[in-house]
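Colleague: What follows is a structure written as structure tokens; I'll ask about it next.
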Amino acid sequence: MQTIEEPIGVFYASTTGNTELVAEKIAELLAGRARLHDIAVEGLVAIPAYKYMIMGIPTWDFGELQEDWAVHWDALGQMDLSGVQIALFGLGDQIGYGEWFQDAMGALHDLLRNTGAQMLGYWSVEGYDFEASKALTEDGQQFVGLALDEDGQSGLTDERLQKWLVDVCNVIQAS
Ligand SMILES: Cc1cc2nc3c(=O)[nH]c(=O)nc-3n(C[C@H](O)[C@H](O)[C@H](O)COP(=O)(O)O)c2cc1C
């Protein structure tokens with residue numbers, strides 16, 4: 298993994314622990330550059346400290362936001378994040394909830410884009426099987442962040458995560 302000069306804030310919230318586990322893996326892979334922030338505990342208070350962020354959100358209850366993200370949603374949408382670069386990862390279940398796969402990541406992407414943030418880390422839909430998702434680019438070829446599925450494709454998570462982090466770090470390095 299390449300080193301990056303500035304720290305990367307990793308913000309997440311997790312109901313049953315899957316998103317938290319991925320956030321911890323990201324911190325490990327970034328070898329000391331990442332600072333973990335559980336928004337259920339800390340809220341959004343650390344966000345202004347960062348130029349680079351990774352945010353993780355699971356989708357719950359048929360396309361809805363995870364509950365802790367929902368608490369801070371309006372405040373997040375009111376921030377000015379111009380000039381900040383943000384990559385997203387989402388947790389979902391494409392077999393059990395294939396009509397709403399990763400919808401919350403799509404909602405977070407749209408919210409953040411409206412704050413002026415530069416969104417990066419889009420990810421191909423190749424290798425997934427789902428009916429519908431609100432987390433897709435307009436052409437439907439990519440997710441607007443890394444889509445992870447610990448319920449149906451947990452064996453692919455580590456490989457996906459490593460590849461995606463290299464992509465994200467390359468974009469950040471070049472900026
Ligand atoms: C009741 C319930 C509703 C869910 N709804 C969705 C959904 O609408 N879309 C989706 O992609 N995943 C859905 N999931 C799957 C979760 O997003 C997935 O299990 C995720 O890994 C949970 O992350 P967490 O442990 O960080 O909370 C649902 C899971 C449960 C148990």
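For the sequence shown, the numbering used here assigns the number 298 to the initial residue and increments by one for each residue that follows.
Cβ coordinates follow ideal geometry from the N, Cα and C atoms, glycine included.
Per DSSP, which one or two residues make a beta bridge with H334?
Modeller: Note: H334 sits in a beta bridge opposite F308.
Colleague: Considering only the beta carbon of each residue, do V441 and A414 sit closer than 8 Å?
Modeller: Taking 8 Å as the Cβ cut-off, V441 and A414 do not qualify as a contacting pair.
Colleague: Within 7 Å: the Cβ of G452 and any heavy atom of ligand 1?
Modeller: Not under cutoff, so the answer is no.
Colleague: Is E317 near ligand 1, in the sense that its beta carbon is under 7 Å from a heavy atom of that ligand?
Modeller: For ligand 1, at least one heavy atom lies less than 7 Å from the Cβ of E317.
Colleague: Is the CB-CB distance between G306 and A346 below 8 Å?
Modeller: Result yes, Cβ atoms of G306 and A346 sit closer than 8 Å.
Colleague: In the DSSP output, what is Y349 paired with across the bridge?
Modeller: The partner list for Y349 (beta bridge, DSSP) reads I305 and Q382.
Colleague: In this structure, does DSSP put T387 in helix, strand or coil?
Modeller: Checking the displayed sequence, the identity of residue 387 turns out to be Gly instead of Thr. Strand.
Colleague: What is the residue span of the alpha helix (DSSP H) that Q459 lies within?
Modeller: Run containing Q459: T454 to A471, per the alpha helix (DSSP H) assignment.
Colleague: My output table needs one value for T316: the three-state DSSP class, helix, strand or coil.
Modeller: Correct three-state label for T316: helix.
Colleague: Can you give me the Cβ contacts of Y419 inside the same chain, cut-off strictly under 8 Å, excluding the 5 residues immediately before and after it?
Modeller: The answer, listed in chain order, is T434, Q439, F440, V441 and G442.
Colleague: Buried or exposed for G393, please, with buried defined as at least 16 other CB atoms from any protein chain shown within 10 angstroms of its CB.
Modeller: Result: exposed.
Colleague: Taking the alpha-carbon of G340 as reference, which of Q450, D436, A324 and L373 has the nearest alpha-carbon?
Modeller: Selected option, being the one with the closest Cα: L373.
Colleague: Does ligand 1 have a heavy atom nearer than 7 Å to the CB of E447?
Modeller: Yes.
Colleague: Between which two residues does the alpha helix (DSSP H) carrying M402 extend?
Modeller: Looking at the DSSP string, the run of the alpha helix (DSSP H) that includes M402 is D400 to R410.
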